[in-house]
Each structure stands twice: as structure tokens, then as C-alpha cells.
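Engineer:
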Amino acid sequence: MHPDVVVVGAGIIGAACAQALKARGLTVLVIDRHGPASGTSAAGEGNVLVSDKGPGPELDLAKASRELWPELAQDAEWEEKGGLVVATTPEASEPLKAFAAGQRAAGVDACELTADEARSHEPHLNPEITAAVHYLQDAQLNPVKATRTLLRGIDITRAEVSATDGRSVTTGDGVISCGAVVNAAGPWARTFGVNVLPRRGVVLVTTPIPGTIRHKVYDADYVGAVASGDADLQTSGVVESTQAGTVLIGSSRQRKGFDDAIESKVLKALARRAIALFPMLAHVPVMRAYGGFRPYAPDHLPIIGEDPRIPGLWHATGHEGAGVGLAPATGRLLADLMTGGTPLVDPRPFRVDRPEVMV
Amino acid sequence: MRVVVVGAGPAGMAAARTAADAGAEVTMVDSEPDAGGQYLRGRARFEHSGVTHLKNVEAWLVEGDTLHLRGPRQLRFDALVIATGAYDRPLPFPGWDGPGVITAGAAQALAKQGVTLGERVIVSGTGPFLLPVATALQDLGATIVGVYEANSPARWLREPRAVLANRHKISELASYRKVLSRLETRTAVIAKHGSRVTVAKLDRHWRPVSHRTEHADLVCIGHGFLPRTDLVPNAKRTNDFLDVDERQQTSVEGVYAAGEVTGIGGADLAEAEGVVAGAAAAGLEPPAEVLDAVRRGRLFARALARAHAIQPGWRTWLSPDTTVCRCEKVSLEDLADATGMRELKLTSRVAMGRCQGRICARNASDLTGVPFDGQRRVIAVPIPLGELAELPEEES
Numbered sequence: 001m002h003p004d005v006v007v008v009g010a011g012i013i014g015a016a017c018a019q020a021l022k023a024r025g026l027t028v029l030v031i032d033r034h035g036p037a038s039g040t041s042a043a044g045e046g047n048v049l050v051s052d053k054g055p056g057p058e059l060d061l062a063k064a065s066r067e068l069w070p071e072l073a074q075d076a077e078w079e080e081k082g083g084l085v086v087a088t089t090p091e092a093s094e095p096l097k098a099f100a101a102g103q104r105a106a107g108v109d110a111c112e113l114t115a116d117e118a119r120s121h122e123p124h125l126n127p128e129i130t131a132a133v134h135y136l137q138d139a140q141l142n143p144v145k146a147t148r149t150l151l152r153g154i155d156i157t158r159a160e161v162s163a164t165d166g167r168s169v170t171t172g173d174g175v176i177s178c179g180a181v182v183n184a185a186g187p188w189a190r191t192f193g194v195n196v197l198p199r200r201g202v203v204l205v206t207t208p209i210p211g212t213i214r215h216k217v218y219d220a221d222y223v224g225a226v227a228s229g230d231a232d233l234q235t236s237g238v239v240e241s242t243q244a245g246t247v248l249i250g251s252s253r254q255r256k257g258f259d260d261a262i263e264s265k266v267l268k269a270l271a272r273r274a275i276a277l278f279p280m281l282a283h284v285p286v287m288r289a290y291g292g293f294r295p296y297a298p299d300h301l302p303i304i305g306e307d308p309r310i311p312g313l314w315h316a317t318g319h320e321g322a323g324v325g326l327a328p329a330t331g332r333l334l335a336d337l338m339t340g341g342t343p344l345v346d347p348r349p350f351r352v353d354r355p356e357v358m359v
Numbered sequence: 360m361r362v363v364v365v366g367a368g369p370a371g372m373a374a375a376r377t378a379a380d381a382g383a384e385v386t387m388v389d390s391e392p393d394a395g396g397q398y399l400r401g402r403a404r405f406e407h408s409g410v411t412h413l414k415n416v417e418a419w420l421v422e423g424d425t426l427h428l429r430g431p432r433q434l435r436f437d438a439l440v441i442a443t444g445a446y447d448r449p450l451p452f453p454g455w456d457g458p459g460v461i462t463a464g465a466a467q468a469l470a471k472q473g474v475t476l477g478e479r480v481i482v483s484g485t486g487p488f489l490l491p492v493a494t495a496l497q498d499l500g501a502t503i504v505g506v507y508e509a510n511s512p513a514r515w516l517r518e519p520r521a522v523l524a525n526r527h528k529i530s531e532l533a534s535y536r537k538v539l540s541r542l543e544t545r546t547a548v549i550a551k552h553g554s555r556v557t558v559a560k561l562d563r564h565w566r567p568v569s570h571r572t573e574h575a576d577l578v579c580i581g582h583g584f585l586p587r588t589d590l591v592p593n594a595k596r597t598n599d600f601l602d603v604d605e606r607q608q609t610s611v612e613g614v615y616a617a618g619e620v621t622g623i624g625g626a627d628l629a630e631a632e633g634v635v636a637g638a639a640a641a642g643l644e645p646p647a648e649v650l651d652a653v654r655r656g657r658l659f660a661r662a663l664a665r666a667h668a669i670q671p672g673w674r675t676w677l678s679p680d681t682t683v684c685r686c687e688k689v690s691l692e693d694l695a696d697a698t699g700m701r702e703l704k705l706t707s708r709v710a711m712g713r714c715q716g717r718i719c720a721r722n723a724s725d726l727t728g729v730p731f732d733g734q735r736r737v738i739a740v741p742i743p744l745g746e747l748a749e750l751p752e753e754e755s
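If you read the protein sequences in the order shown, they are chains A and B.
So the first sequence is residues 1 to 359, counted in this note's numbering.
So the second sequence is residues 360 to 755, counted in this note's numbering.
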């Protein structure tokens with residue numbers, strides 16, 4: 001066995017890289033210690049968002065991904081549900097509108113709505129909202145099905161990779177030599193030399209209430225919480241339903257290593273934030289909670305490119321909470337760079353030799 | 360010393376009493392209006408001046424030294440005793456999700472309230488629990504068409520030590536003599552369509568070797584039990600049941616377990632384990648004779664688990680369209696290949712519904728070969744968001 005490329009990690013990013021490399025005619029082997037989408041990919045909501053990104057390189061990557069997803073996610077419950085971002089205080093109203101105006105200038109479909117219009121989209125929304133923006137491009141998919149779809153026809157091996165020199169990987173079962181290695185290990189990517197840290201998140205799931213909530217609806221302060229580097233608990237109201245009728249409630253951000261204990265203070269904060277958006281949720285039971293770890297790069301940008309210290313080792317990680325949304329363009333960009341094609345988007349902002357990234 | 364006991368069945372009551380007698384400040388929490396648990400439902404009296412008995416309240420999260428109850432309300436503890444018991448495991452077969460099929464445990468609970476849901480009744484599954492259920496239904500006037508035990512009684516011949524040490528268990532059989540004549544071993548219900556019930560003779564792997572039709576309007580099924588361990592998702596377990604040391608402590612320090620959460624061995628073993636757990640939780644050395652009773656009872660419990668183990672042939676009872684998960688209407692053919700439970704759930708929606716996999720997750724794991732992950736449920740019971748929003752601020 002001597003594949004052209006070994007991809008370490010069978011999450012949504014590893015799967016997208018493998019799919020893009022295979023499409024260039026390369027032979028690819030994906031290695032994961034558990035299996036497809038067994039880490040971060042299955043621990044989120046499966047969002048494909050442009051709404052939460054201001055103009056800049058991450059938005060460019062998100063827009064490119066959004067173009068690619070519909071064809072790739074046909075068998076993965078793809079739903080163009082749209083996002084609704086609302087301001088819940090008078091002070092938050094103008095910043096939201098200004099943020100949306102900037103996004104519109106960068107090519108995002110962002111329509112300002114009056115409170116009444118927002119309520120016609122989401123009848124149970126808190127009437128006291130002060131501003132609303134409708135993002136038509138926001139979509140959702142089933143991340144496990146999407147990962148499996150991307151991995152179709154690609155070899156996967158279950159093993160833990162302990163080291164790599166860019167020309168081989170060392171696993172518990174021996175050494176596999178190859179032409180190049182892609183580190184797509186998400187929050188565990190640090191093992192291979194990039195400064196990625198786990199950022200904990202928890203999602204609450206209610207009993208099914210089909211048809212009650214139609215869009216992804218979130219509080220405008222979410223964008224600030226994402227951009228923060230604070231290690232302490234931050235929460236923002238993010239509410240959406242799934243095709244099964246359950247409602248998913250996020251979002252929390254906390255840096256505390258790989259500690260996965262559920263804390264009542266997180267449950268409380270998430271519940272309060274969700275009820276502030278949809279007061280009727282106060283009576284709806286939560287039937288489970290799940291959590292995961294986002295791969296967090298301190299400067300909040302994905303890491304995509306070859307490691308200047310170890311030729312043959314490539315990184316595709318650090319997508320924090322946006323990995324599902326950014327996956328197809330990440331895979332395409334990585335394949336472009338590896339095979340000498342014209343890059344899909346400007347690769348420089350994602351390069352590996354950023355001071356915050358090299359460890 | 361604050362000791363909190365969750366569950367007021369034989370194990371929980373014994374633990375609460377013992378800890379209180381040892382001078383601990385004891386709170387016993389239970390979701391039912393009366394003490395007794397499944398086994399002594401409606402027949403137990405619990406009075407102890409040293410025990411505060413909180414009734415009709417569910418516990419949903421253990422966080423450090425705090426037990427969260429519905430309300431919301433919190434109890435701080437120095438030691439916690441988990442005595443939450445077990446519930447029936449039903450194996451699926453064509454028609455098990457239709458009318459007229461309930462678990463043996465549900466039938467037993469209804470019988471204790473004087474209710475039977477059928478006139479012609481079959482009890483099918485494995486384990487000594489089938490006999491008291493059939494007896495209770497017969498006492499209410501039901502006609503027992505058959506009591507079908509899928510395993511062979513010959514399996515007990517391999518367990519002489521356990522039988523000798525627990526002779527009183529065998530004499531219990533006499534109290535079920537009225538239904539013993541209806542008992543057939545190596546036999547199981549493998550399909551039900553309306554009142555037509557397919558009853559099969561099984562080989563030792565539970566593969567059907569012949570079958571016949573019986574008529575019954577109620578089939579009660581129980582293929583062993585699964586423990587209720589949601590409050591301690593991180594505690595170590597073997598075959599789903601909590602591991603405990605000789606003082607009934609789980610792998611989590613200060614958290615003890617007693618009764619059927621540690622293994623199925625009957626009410627007397629549960630009570631003995633409760634005494635040990637209650638003493639240890641209160642900081643006392645458990646009495647030697649009770650430790651001895653626990654050891655003896657465990658011999659029986661382990662023999663019981665071996666003699667009445669589920670055999671893999673049950674998987675041949677299903678058709679591709681047989682329901683595996685009732686909440687989300689997932690059938691056998693919907694279960695895709697997967698490497699882990701989370702992947703299996705998110706591709707098929709099995710175990711994603713209201714019961715959160717309590718009924719189906721173990722069966723789905725056996726049917727697909729996906730390793731069972733112990734089903735870590737971090738919220739033990741559904742709670743309205745409004746109640747979560749009222750949780751107290753960070754406790755000091």
C-alpha cells in the first residue's frame with residue numbers, strides 16, 4: 001500500500017480533502033482512530049452559513065463552499081432553510097444593520113426585515129426584537145451523511161496516527177509510506193505541529209415540535225462571541241429545527257481542554273438565551289444535550305497549506321465551528337495547492353507560517 | 360455527613376435506613392408517590408425519623424457534589440447512592456410494536472394496580488421474572504395461554520454452586536405452581552399479527568426450528584433487564600451494569616450503587632447491597648454477615664445472567680421491515696453500516712426519539728455489530744427549557 005496521499009481524520013474536512021484529491025486522480029487513504037464523522041463533525045448542527053462572517057478571507061471561503069455544497073450534499077438532507085439574525089436590544093440594532101450592509105457589499109444575500117416581517121417568517125419570535133436580517137443562503141445538512149457521501153469510493157482505515165514526516169505516517173499497526181500527508185485531525189491537529197486548541201460547545205435538543213421554527217434564528221451578538229478569544233464561558237442564542245422536528249439550541253464557547261463534563265451553568269445560559277428569542281420554548285422539554293470540541297486557531301482563521309518545516313505535510317484544520325460550511329472549498333483549495341492548480345480563493349490568509357499558528 | 364439516595368426500592372430504602380442509623384443526614388429521592396420501587400410497589404411502608412423522603416421528584420444530573428432535581432432544586436451530598444433499578448429489555452419481532460404487546464414489567468406494574476390489558480395472555484422472554492408476571496395476571500382472571508422461556512433450564516445444571524448457596528431462591532418457584540404447567544422452555548413468540556401469535560421452538564442459539572400459531576390478545580415480553588444508569592454516565596460498567604467494589608462504590612469516588620443497577624439478583628440481594636452502600640456512604644464498616652450475603656447473592660446473580668443470557672439467534676426473528684426503534688419508526692433495513700453509535704444514529708435516526716434509545720439502542724447495536732457505547736445520556740429525564748433557565752447561579 002503506497003497511496004499518493006494519506007489524510008489523517010475522517011471528519012467533514014478530511015472527507016472533503018480526500019474527495020477533492022481523488023477527483024484530481026490521486027489515490028487517497030483516509031485514517032481515523034474511530035470512523036467517519038466521529039468527532040467534531042457530528043457534534044454540531046450541520047450548518048452551512050455565510051451570515052456569521054464579515055467581509056474577509058473566511059467569507060470568501062464560505063461563499064465558495066456554499067456554491068459547491070448543493071451538488072455534493074444531495075443525499076445528506078440538504079435544506080436551504082435560510083438564516084434569520086435578530087437584534088434583541090436597542091443598542092444591537094444599528095451594528096447588525098451595518099454588519100449586514102458590509103456583507104451585502106461583499107456579495108452576501110442579506111435582506112433587512114422589519115420586526116413584523118420577521119414575525120411573518122417566524123411567528124413565535126419574541127415581538128420585542130429591534131432589528132432582523134434574513135440571509136437566504138444559509139443552509140443546513142446532516143453532517144454524518146455528508147461526510148459519508150464525500151468518502152464514497154475512498155479507502156478508510158481505522159488506526160491512530162502518532163507521527164508523520166510528510167512521506168509516511170506511523171500508526172499502531174505500522175508505518176504507511178505515501179506521497180504526502182494531510183493533517184485534518186480537527187481539535188486534535190496539534191499533535192502534528194499546528195497551534196489548534198479545543199473550544200468546547202454544547203447543544204440542547206428538545207422533543208419534536210415540527211413546523212414551529214423554520215429558519216436558523218440567532219442573536220446578533222453571536223458574531224461577537226465567535227470572534228472572541230476569551231477562554232471563559234460565552235453563550236449566544238442560536239435556535240433551529242431539524243427535519244425530525246426537534247429543536248437544536250446553542251451556542252456555547254468555552255476553553256477548558258478536552259473536559260467534556262456537562263455543566264448546569266451552560267444549560268441555564270443556553271436555555272435563557274433561547275427563551276429570549278422564542279418565549280414559547282419555555283414550555284418545551286429538552287430531551288438530550290450533546291457537546292463537542294471546535295478546532296480553534298487563536299487568530300480565528302482556518303489553516304490550509306503545506307507546512308514549511310516538513311515538506312509533504314499539509315494542514316487542513318482550525319475551522320472552529322464552521323467546518324461543515326467551509327469543507328468543500330477547503331478540500332478544493334488544498335487540492336489546487338497540492339497539484340499546482342489555480343487556487344479557488346486567495347490561499348495566503350490561510351497559510352501555515354502565521355505567527356499564531358506555528359508551534 | 361450528608362447522604363443522598365436516589366431510588367426508594369428495596370436497595371434504596373435499605374441504604375437510606377442504614378446510613379441514617381449510622382448518624383448521617385439522609386435524603387431519599389424517588390419519582391413515585393410511595394416507597395417500594397417496582398418490586399414492592401404499593402406494598403412497602405417507609406418511615407424513618409432520620410430520612411427525608413422526597414416523593415414524586417426526578418433527579419436528572421449529578422454535577423460534582425450536587426444532585427439536580429426537577430423543580431429545579433439541588434441537593435448537596437458528601438456521598439451519593441444510586442439505587443435506580445432496571446427496566447425490561449424487549450427484543451423486537453414482527454408485530455412487537457403493534458397493539459397487544461407490552462413489556463412484562465409494564466404488565467406487572469398494571470397488575471399491581473388490579474389491571475390486566477388482555478384476557479388470553481402469553482408471557483414470553485427469558486428469566487425467572489416471567490413466572491410472577493404470569494401468576495399476577497392469572498390471579499386477575501386472565502387465561503395464560505403460555506409462559507415461554509427462550510433458554511433451557513438445563514443451563515442451571517452448570518451452576519451448582521450458585522444453586523446450593525441460594526436454595527431459598529429455588530423454593531420460590533413453588534409459589535408460581537399455578538402457571539408452571541403453562542411453562543414451555545426453548546420457546547418464544549417470534550411474530551404477532553392481530554391475535555395470531557407465532558410461537559417457535561428454538562435451538563440453543565434461539566434460532567427457530569419449528570413454529571405454530573396460538574391466539575392471544577396480549578403478549579408480555581421481557582428478555583432480561585437494562586440498568587438505569589443515566590445519572591452516572593462516566594462510571595465504569597460491565598455489560599451495561601455498574602461496576603462496584605466490595606463496599607458498593609462505583610468508579611466515581613463518593614458515588615455508590617446498590618440493587619439492580621449493579622446486576623439482576625432479586626430483592627434480597629438488592630437489600631443487602633443497600634445496607635452495604637448505606638453503611639459505606641455514612642463512613643461505617645459494613646456488617647460482615649451482610650457482605651457475606653452480598654457475595655452469596657452475587658453468585659446467584661452471575662449464574663442467572665449466564666443461564667438467561669440473550670442468544671444471537673433472535674436476530675433471525677426480524678424481517679427487513681420490522682421496527683427496531685418505535686419512537687422514530689426505524690426498521691431493520693434502515694440501519695446502515697456504521698463504525699460507531701453516533702454515526703448509526705445520525706444516519707438512521709435510531710435511538711434519537713423520545714425514549715432516547717432506552718428501548719432500542721442495545722438492540723440496534725446487536726443487530727448491526729456497532730459496538731454499544733453505553734448510551735451516555737447527560738440529562739436523565741426531559742426538562743422544560745423554562746426550568747433550566749431558573750437554575751441557580753454558580754454555587755459556591
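Ideal Cβ positions, reconstructed from N, Cα and C, are used throughout, including at glycine.
(1) Thr342 (chain A) by DSSP, collapsed to three states: which one?
(2) When the Cα atoms are used, what is the spatial distance from Ser755 (chain B) to Ser707 (chain B)?
(3) Whole angstroms are fine: how far does the CA of Ile249 (chain A) sit from the CA of Ala757 (chain B)?
(4) When DSSP labels each residue in this structure, what does Asn47 (chain A) get in the three-state scheme?
(5) How big is the Cα-Cα spacing for Asn142 (chain A) and Ala76 (chain A)?
(6) Could you name the residues of the same chain whose beta carbon sits closer than 7 Å to that of Leu585 (chain B), not counting the 5 residues immediately before and after it, in chain order?
(7) Note down, in chain order, every chain B residue with its Cβ under 8 Å from the Cβ of Ala274 (chain A).
(8) What is the rounded straight-line gap between the Cα of Glu648 (chain B) and the Cα of Asn525 (chain B)?
(9) What three-state label does DSSP hand Ala64 (chain A) in the structure shown?
(10) Taking the runs of the alpha helix (DSSP H) that are 4 residues or longer, which of them lie wholly in the segment 144-205 of chain A?
(11) Go through its chain and collect everything with a Cβ distance to Trp673 (chain B)'s Cβ below 6 Å, but skip five positions before and after it.
(12) Compare the Cα-Cα distances from Pro391 (chain B) to each of B:Val365, B:Thr727, B:Val591 and B:Ala378 and report the closest residue.
(13) My assumption, with CB atoms under 8 Å, is that Ala184 (chain A) sits in contact with Gly9 (chain A). Please give the rounded CB distance.
(14) Give the interface partners of Arg288 (chain A) over in chain B, defined as CB-CB distance under 9 Å, in chain order.
(15) How should Pro679 (chain B) be labelled, buried or exposed, when 16 other C-beta atoms within 10 angstroms of its C-beta is the threshold for buried?
(16) Going straight from the alpha carbon of Leu539 (chain B) to that of Val482 (chain B), what length do you get?
(17) Note down the Cα distance separating Ala652 (chain B) from Pro519 (chain B), rounded to an integer number of angstroms.
(18) Comparing the C-beta of Thr443 (chain B) with each C-beta of chain A, is any distance below 7 Å?
(19) Can you tell me whether Gly382 (chain B) is buried or exposed? The criterion is at least 16 other CB atoms within 10 Å of its CB, across all chains shown.
(20) Just to confirm, is the Cβ distance from Ala231 (chain A) to Arg255 (chain A) under 7 Å?
(21) Can you list, in chain order, the residues of its chain with a C-beta nearer than 6 Å to that of Glu384 (chain B)? Leave out the 5 residues immediately preceding and following it.
(22) Between B:His552, B:Arg596, B:Val548 and B:Pro751, which lies nearest to Phe731 (chain B) when the distance is taken from Cα to Cα?
(23) So, helix, strand or coil for Pro355 (chain A), using DSSP?
(24) Does the beta-carbon distance from Ala626 (chain B) to Tyr398 (chain B) come in below 7 Å?
(25) Decide if Cys17 (chain A) is buried, meaning its Cβ has at least 16 other Cβ atoms within 10 Å, or exposed.
(26) Any beta carbon from chain A within less than 7 Å of Gly553 (chain B)'s own beta carbon?
(27) In the DSSP assignment, what are the bridge partners of Pro743 (chain B)?
(28) Using a Cβ-Cβ distance under 7 Å, would Ser755 (chain B) count as near chain A?
(29) When the Cα atoms are used, what is the spatial distance from Thr681 (chain B) to Asp260 (chain A)?
(30) At least one CB of chain B closer than 7 Å to the CB of Val238 (chain A): is that the case?
(31) Under 8 Å Cβ to Cβ from Val474 (chain B), same chain only, skipping five residues before and after it: list those, please.
(32) How many Å lie between Arg400 (chain B) and Ala631 (chain B) at the Cα?
(33) Of all the CB atoms in chain A, is at least one closer than 7 Å to the CB of Arg352 (chain B)?
(34) Hey, is the segment 345-352 of chain A in contact with the segment 370-378 of chain B, meaning 3+ C-beta pairs nearer than 8 Å?
(35) Between Ile262 (chain A) and chain B, is there a C-beta pair that is closer than 7 Å?
Structural biologist: Inspection of the coordinates gives the following:
(1) Thr342 (chain A) carries a coil assignment under DSSP once its states are collapsed to helix, strand and coil.
(2) The predicted model places Ser755 (chain B) with a pLDDT of 40, which falls under 50 and marks its position as unreliable; any figure quoted below should be read in that light. Whole-angstrom Cα-Cα distance: 43 Å.
(3) Limits of chain B in this structure are 360 at one end and 755 at the other, which puts residue 757 (chain B) out of reach.
(4) Reduced to three states, the DSSP call for Asn47 (chain A) is strand.
(5) 5 Å
(6) Ala445, Tyr446, Arg448, Asp599 and Arg721
(7) Leu744
(8) 15 Å
(9) helix
(10) none
(11) Leu450 and Trp565
(12) It is worth fixing the name first, because residue 391 (chain B) is Glu in this sequence and not Pro. Measuring from the Cα of Glu391 (chain B), the nearest candidate turns out to be B:Val365.
(13) 4 Å
(14) Met711, Gln715, Arg736, Val737, Ile738 and Pro741
(15) Classified as exposed, Pro679 (chain B) has fewer than 16 neighbouring CB atoms from the shown chains inside 10 Å of its CB.
(16) 12 Å
(17) 17 Å
(18) no
(19) That one is exposed.
(20) In this structure, Ala231 (chain A) lies near Arg255 (chain A), with their beta-carbon atoms less than 7 Å apart.
(21) Arg361
(22) Ranking B:His552, B:Arg596, B:Val548 and B:Pro751 by Cα distance to Phe731 (chain B) puts B:Arg596 first.
(23) coil
(24) Taking the C-beta atoms as reference points, Tyr398 (chain B) is found nearer than 7 Å to Ala626 (chain B).
(25) buried
(26) no
(27) A:Pro285
(28) With a pLDDT of 40 at Ser755 (chain B), under the threshold of 50, the predicted position of this residue should be treated as unreliable, though the coordinate-derived value follows. Judged by the 7 Å Cβ criterion, Ser755 (chain B) is not in contact with chain A.
(29) 36 Å
(30) No - not a single Cβ of chain B is within 7 Å of the one on Val238 (chain A).
(31) Cβ within range, chain order: Leu499.
(32) Going by C-alpha positions, Arg400 (chain B) is about 19 Å away from Ala631 (chain B).
(33) The displayed coordinates of chain B run from 360 to 755. Any statement about residue 352 (chain B) would go beyond what the structure contains.
(34) no
(35) At least one chain B Cβ lies under 7 Å of Ile262 (chain A).
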